[in-house]
Amino acid sequence: MVACIADKWSLWTMSVIAEYRRPMRFSRIMENVAVISQKSLTKTLRGLERDGLITRKVFAEVPPRVEYAITPLGAEMLNNVAPLWLWVAKSVHRFQGARAAFDGRSV
């Protein structure tokens, strides 16, 4: 699960699905995550589904329709990770300053 939290796309993808508050189609998720490739989004969604954090429902229609939704476990995880995520977002300038200071010092 630590890998899921540390993964580049998992939390972002989960938060997009959770904020929508109803099942989302792949294309809608892709629009909202924006900078992710189709291949990376597919891999991310499969991993989240495997871990029980989202559900994937396939409809027997033409053209095919697939919808993704957050599970109670996924919502619980987001609720617990959100404070850390917000702290990181607020503190990013401090991390950048520390890195710049480290990179600028002579060894």
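With UniProt numbering, the residue at position 87 of the sequence shown is 87, and numbering never jumps.
Backbone N, C-alpha and C define an ideal beta-carbon position, used for all residues, glycine too.
| Check | Outcome |
| --- | --- |
| Closest Cα partner of E76 within the set N32, F102, L53, W85 | L53 |
| Simplified DSSP assignment, three categories, for T55 | strand |
| Buried versus exposed, by CB contacts within 10 Å (16 or more), W9 | buried |
| Host beta strand (DSSP E) of I36 (start-end) | It is not in any beta strand (DSSP E) - I36 carries neither H nor E in the DSSP assignment. |
| Which residues DSSP lists as bridging Y20, in chain order | In DSSP, Y20 forms no bridge with anything. |
| Given E19 as reference, the closest of R56, I70, C4, E31 once Cα atoms are compared | I70 |
| Limits of the unbroken beta strand (DSSP E) element including E76 | Note, E76: premise wrong, no beta strand (DSSP E); alpha helix (DSSP H) at 72-104. |
| I17 burial status per 10 Å Cβ neighbour count (16 or more: buried) | buried |
| Length of the line joining the Cα atoms of R65 and F95 | 42 Å |
| Minimum C-alpha distance to R28 - residue among E67, K57, D103, P63 | E67 |
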